[in-house]
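First the structure, in the form of structure tokens, and then the observations on it.
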Amino acid sequence: MDSSEDPDQKVILLNDTKKLREYLGYMDSGRFFWSSFEPKIGLTDWLKLSDDFTEPEFQASLRFGIPIIRLAKFSPESQAIALLDANAARKFRAMPVLVDDGKCVIAMEHPDDKGALESLGFLCKPKVVPVLAAGREIRDAIAKYYDRVEDWELLAQIGVSPESNDSLEPTEEEALRYSAEKPIVREVANLVADAAARRASDIHFRPGPDGTDVLFRIDGELIPVRRLVSNLHRAIISRVKVLGRMNLAEHRKAQDGRSTFTLDDGRVIDLRISVLPTVFGESVVIRLLDTMESLWSIDQIGLEPEDRQKVDDVMARSHGMFLTTGPTGCGKSTTLYAMLMEMRKQRVNILTIEDPVEFHISDVQQMQVNRAADFTFASALRNFLRHDPDIIMVGEIRDRETAAIAVESALTGHLVLSTLHTNTAATTVTRLLDLGVEAYLLRASLLAVMAQRLVRLTCTHCKEPEEVPAHILETFAIDAGEVFYKGRGCSHCDGLGIKYRKAVYELMVVSKKIQALIVTGAEADKIQQVAVSEGMRTLTQAGIDMARRGEISLQEAWRVRSE
3 MDSSEDPDQK VILLNDTKKL REYLGYMDSG RFFWSSFEPK IGLTDWLKLS DDFTEPEFQA
63 SLRFGIPIIR LAKFSPESQA IALLDANAAR KFRAMPVLVD DGKCVIAMEH PDDKGALESL
123 GFLCKPKVVP VLAAGREIRD AIAKYYDRVE DWELLAQIGV SPESNDSLEP TEEEALRYSA
183 EKPIVREVAN LVADAAARRA SDIHFRPGPD GTDVLFRIDG ELIPVRRLVS NLHRAIISRV
243 KVLGRMNLAE HRKAQDGRST FTLDDGRVID LRISVLPTVF GESVVIRLLD TMESLWSIDQ
303 IGLEPEDRQK VDDVMARSHG MFLTTGPTGC GKSTTLYAML MEMRKQRVNI LTIEDPVEFH
363 ISDVQQMQVN RAADFTFASA LRNFLRHDPD IIMVGEIRDR ETAAIAVESA LTGHLVLSTL
423 HTNTAATTVT RLLDLGVEAY LLRASLLAVM AQRLVRLTCT HCKEPEEVPA HILETFAIDA
483 GEVFYKGRGC SHCDGLGIKY RKAVYELMVV SKKIQALIVT GAEADKIQQV AVSEGMRTLT
543 QAGIDMARRG EISLQEAWRV RSE
């Protein structure tokens with residue numbers, strides 16, 4: 003784009019307070035203008051001469067009709083900062099900069115978010131004037147002007163100086179004292195409650211040279227929440243380690259723990275805590291397991307009607323093996339739990355062996371792997387056969403012994419459910435053969451395989467047409483004129499453009515033709531071809547279908563494609 007050829011295509015770049023006040027004086031004119039500091043040359047030449055803004059920022063500025071601001075070159079006024087509290091600034095990704103003549107300039111990552119603007123307008127008495135800023139600059143400004151102030155107040159309450167030596171780990175006595183301090187207890191509780199309220203699956207404490215970033219994983223994406231100063235990081239981690247019943251004096255080894263947390267509404271959240279030593283301090287991840295959020299019924303899985311009938315047929319069988327496959331975190335266990343919750347309605351004995359037991363289901367006898375006591379998947383399965391089971395669920399088939407016993411159980415009058423790490427349904431057959439399962443036994447036992455992924459649904463509040471790269475359209479054989487949608491990012495979706503996730507899957511029922519292909523040296527491609535010819539919809543096609551319905555972007559379908 004050549005801005006000298008099109009006088010209407012112009013942006014304002016705000017990089018000092020004088021230019022910001024100049025903009026406020028002209029903001030009611032309804033037109034962009036070139037200030038004296040901006041060269042009247044084409045965009046390409048301008049980008050070569052300056053790193054002040056990028057082409058995407060230029061296009062966003064034109065689309066939103068507001069200027070770009072460089073927060074790193076401003077010191078926000080205390081009067082402006084006082085208009086928003088820290089929680090509101092984090093929630094709306096907004097940084098107040100200046101109050102002038104009844105107007106409050108607020109830098110935003112998504113300044114077209116009407117819901118956020120209405121809320122900010124309610125919170126701020128002066129008229130809100132939004133300007134566009136990079137997400138990283140907003141996070142850094144919030145960390146500097148909000149997080150650090152809160153952290154210093156917390157450190158003062160527990161008697162620690164912000165300037166104290168931050169290169170030393172606390173002693174066991176210091177760590178124990180920190181963990182019991184009410185401000186620290188309250189801060190950790192607030193973080194967990196906030197994460198649960200925002201549907202986060204994990205809380206990350208990521209230490210670095212300038213402090214510790216706190217991030218929530220929401221719908222598979224890591225979202226920065228705040229930054230802790232180093233001394234407060236040590237107190238917070240001490241509290242987390244106490245919750246997980248870990249060794250407070252150990253800072254050089256990895257540790258694992260678990261705890262529970264009760265929310266204000268009475269829900270109980272299970273916490274799985276992992277601590278790893280890094281060069282800048284201990285890194286912590288807290289996994290939140292909310293039974294109400296994560297336990298789905300079979301109706302909530304999102305199966306197509308014909309596939310639901312096939313799964314019902316599998317659940318009605320008296321023996322055989324059903325497998326869910328895919329990478330870690332793709333919802334395999336969620337699918338199996340949904341099936342167990344449906345099958346427990348029958349008058350049957352259900353046994354599970356898991357590592358670990360994530361959710362407790364009534365009327366199902368669940369056991370957990372204990373390697374110290376030599377209670378593994380394989381040893382548990384051997385004992386299960388003497389415990390009169392009808393249905394057996396094995397958390398994962400990892401080795402030859404577990405695979406062999408699972409197949410044997412499926413052949414001796416038991417319905418076996420399990421998971422396996424393969425990319426497609428067809429490659430599950432070759433993987434089991436590679437593990438040493440005899441082909442004739444696999445032919446007789448395998449009922450069906452569901453390969454799945456979790457896709458991120460497009461936010462319905464900020465959906466807009468998607469610009470799809472040509473190579474994706476070409477690979478998917480899609481006409482260039484077909485319209486797909488992506489999320490722009492707004493306050494409803496934490497600025498991500500996505501909200502909630504859903505399973506996309508391919509379901510391969512083992513027919514007579516597929517059984518004939520399960521031989522030593524079987525080829526996954528041939529099995530796939532037969533399955534497709536018999537009506538199986540591949541992961542790739544399922545993703546494209548969802549994109550055509552507007553549920554996900556085509557880029558998301560490309561991310562989870564199976565070939």
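The working numbering runs 2 ahead of the 1-based position in the sequence shown. Positions of the beta carbon are idealized from the N, C-alpha and C atoms, including for glycine.
Rounded straight-line distance, which links the Cα of residue j to that of residue i
i	j	result
Cys-495	Leu-290	19 angstroms
Arg-563	Met-538	15 angstroms
Phe-60	Arg-72	13 angstroms
Leu-444	Ile-520	7 angstroms
Ala-406	Val-439	6 angstroms
Val-316	Ala-526	22 angstroms
Phe-263	Ala-90	25 angstroms
Val-534	Leu-338	24 angstroms
Glu-252	Glu-171	10 angstroms
Gln-530	Ile-239	49 angstroms
Ala-145	Ala-197	18 angstroms
Thr-430	Ser-320	22 angstroms
Gln-348	Val-532	34 angstroms
Thr-336	Arg-400	19 angstroms
Ala-380	Val-409	12 angstroms
Ser-63	Tyr-148	27 angstroms
Pro-185	Val-506	44 angstroms
Ala-412	Met-323	6 angstroms
Leu-273	Gln-543	37 angstroms
Leu-556	Tyr-487	8 angstroms
Cys-126	Gln-257	45 angstroms
Pro-211	Arg-228	15 angstroms
Cys-464	Glu-536	39 angstroms
Arg-373	Gly-523	34 angstroms
Trp-560	Ile-546	8 angstroms
Ala-199	Ala-88	17 angstroms
Supposed close pair residue i, residue j - CB separation, criterion 8 angstroms
i	j	result
Gly-489	Leu-475	Going by Cβ atoms, the distance from Gly-489 to Leu-475 rounds to 20 angstroms, so no, they are not a contact pair.
Leu-119	Pro-98	So it is not a contact: roughly 13 angstroms between Cβ atoms.
Ala-340	Ile-363	Not confirmed; about 10 angstroms, so no contact.
Lys-129	Lys-93	So it is not a contact: roughly 21 angstroms between Cβ atoms.
Met-343	Ser-276	Actually they are not in contact, since the Cβ atoms of Met-343 and Ser-276 sit about 28 angstroms apart, beyond 8 angstroms.
Arg-346	Asp-365	5 angstroms
Cβ pair residue i, residue j closer than 7 angstroms
i	j	result
Arg-247	Gly-259	yes
Ala-177	Leu-250	yes
Ser-181	Val-133	no
Ile-271	Asp-301	no
Glu-111	Arg-95	yes
Leu-422	Thr-330	no
Ser-493	Gly-117	yes
Leu-456	Glu-553	no
Leu-297	Leu-234	no
Ala-136	Ala-109	no
Met-452	Leu-541	no
Val-131	Val-101	no
Ala-202	Arg-179	no
Pro-358	Gln-370	yes
Val-511	Lys-312	yes
Leu-278	Ser-420	no
Ala-437	Arg-384	Note that residue 437 is Leu in the sequence shown here, rather than Ala. No. Outside cutoff.
Phe-76	Pro-113	no
Heavy atom of the ligand GDP within 6 angstroms of residue i beta-carbon
i	result
Thr-426	With respect to the ligand GDP, the structure shown offers nothing to examine, as it has no ligands at all.
Problem - Runs of beta strand (DSSP E) lying entirely within the segment 392–425, each at least 3 residues, in chain order - result: 393–396 and 417–422
Handout entry: Any 3 or more C-beta pairs closer than 8 angstroms across the segment 344–356 and the segment 385–396
Key = yes
Handout entry: Every unbroken alpha helix (DSSP H) within the segment 525–559, with a cutoff of 4 residues, ordered by chain
Key = 526–535 and 541–550
Problem - Continuous alpha helix (DSSP H) assignments of at least 4 residues falling wholly in the segment 129–155 - result: 137–144
Problem - the segment 134–152 in contact with the segment 502–514 per 3-pair CB rule at 8 angstroms - result: no
Handout entry: Three or more C-beta pairs below 8 angstroms linking the segment 419–426 and the segment 478–486
Key = No: the two stretches stay apart, fewer than three of their Cβ pairs being nearer than 8 angstroms.
Practice task
Scan the segment 247–330 and note each continuous beta strand (DSSP E) run of 3 residues or more that stays entirely inside, going in chain order.
Solution key: 257–264, 270–280, 283–292 and 322–327
Practice task
Quick one: which unbroken beta strand (DSSP E) runs of 3-plus residues sit fully inside the segment 55–102? Chain order, please.
Solution key: 96–102
Handout entry: Completely contained beta strand (DSSP E) runs for the segment 335–388, where each covers 3 or more residues
Key = 352–356 and 367–370
Problem - Three or more C-beta pairs below 8 angstroms linking the segment 272–291 and the segment 196–216 - result: yes
Handout entry: alpha helix (DSSP H) runs wholly inside the segment 183–226, at least 4 long, in chain order
Key = Qualifying alpha helix (DSSP H) stretches, in chain order: 184–199.
Problem - Completely contained alpha helix (DSSP H) runs for the segment 472–506, where each covers 4 or more residues - result: 472–478
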